[in-house]
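Let me begin by presenting the structure, written as structure tokens, before commenting on it.
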Ligand SMILES: Cc1cc2nc3c(=O)[nH]c(=O)nc-3n(C[C@H](O)[C@H](O)[C@H](O)COP(=O)(O)OP(=O)(O)OC[C@H]3O[C@@H](n4cnc5c(N)ncnc54)[C@H](O)[C@@H]3O)c2cc1C
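In the numbering used here, the protein residues as written are 701 to 832.
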């Protein structure tokens, strides 16, 4: 067993990993309650991108809740998780339900993945238009 030290992100952080009370300060990595190599690196990319966009006066990217990183950043920043907050890695269980029952896991997760790609594309299109 290894120790994992983390802050109470649901009460402290926004979904872009900035502090609620001091939004010019960003956290990233495992200390925020994300768990794993990919998740920790991704949180740094989200925080860094958010900080850079803020400095450039660009609208923030809002990662859709049905993408894996959108779901993870929503998880760490959701005040509902206060008191029961535990580190979380990427997993299909944190994604919103697709609302239809698909028995075959490969097929089911394919639907989740397609939904995520489409949501992300919509957000990138929106941001792209905003930046032009
Ligand atoms: C034994 C073990 C096995 C694991 N296996 C996996 C795995 O197979 N797959 C996976 O995805 N994840 C795995 N993890 C989890 C993964 O290692 C972490 O989630 C990830 O490395 C966290 O990255 P991080 O950059 O947030 O923190 P860290 O990798 O812990 O980096 C933090 C850095 O900050 C430095 N630091 C700390 N305090 C200070 C200070 N005051 N001043 C300056 N520097 C400081 C530390 O020395 C360290 O280099 C494992 C973890 C452990 C312990």
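We put the CB at the ideal spot given by N, CA and C, even for glycine.
Measure the CB-CB distance between residue i and residue j and report whether it falls below 8 angstroms.
i	j	result
residue 764	residue 709	no
residue 779	residue 711	yes
residue 816	residue 794	no
residue 760	residue 825	no
residue 724	residue 762	no
Can you tell me the Cβ-Cβ gap for residue i and residue j, rounded? I've got them flagged as a contact below 8 angstroms.
i	j	result
residue 733	residue 785	6 angstroms
residue 746	residue 769	7 angstroms
residue 719	residue 790	Going by Cβ atoms, the distance from residue 719 to residue 790 rounds to 23 angstroms, so no, they are not a contact pair.
Taking the alpha carbon of residue i as the point to measure from, which residue in the options has its own alpha carbon closest?
i	options	result
residue 743	721, 722, 775, 766	775
residue 813	766, 777, 801, 800	766
Note to self: Which residues neighbour ligand 1 when neighbourhood means a C-beta less than 5 angstroms away from any of its non-hydrogen atoms? List them by chain order.
What the structure shows: Going down the chain, each residue whose beta-carbon is closer than 5 angstroms to a heavy atom of ligand 1 shows up: 702, 729, 730, 736, 737, 740.
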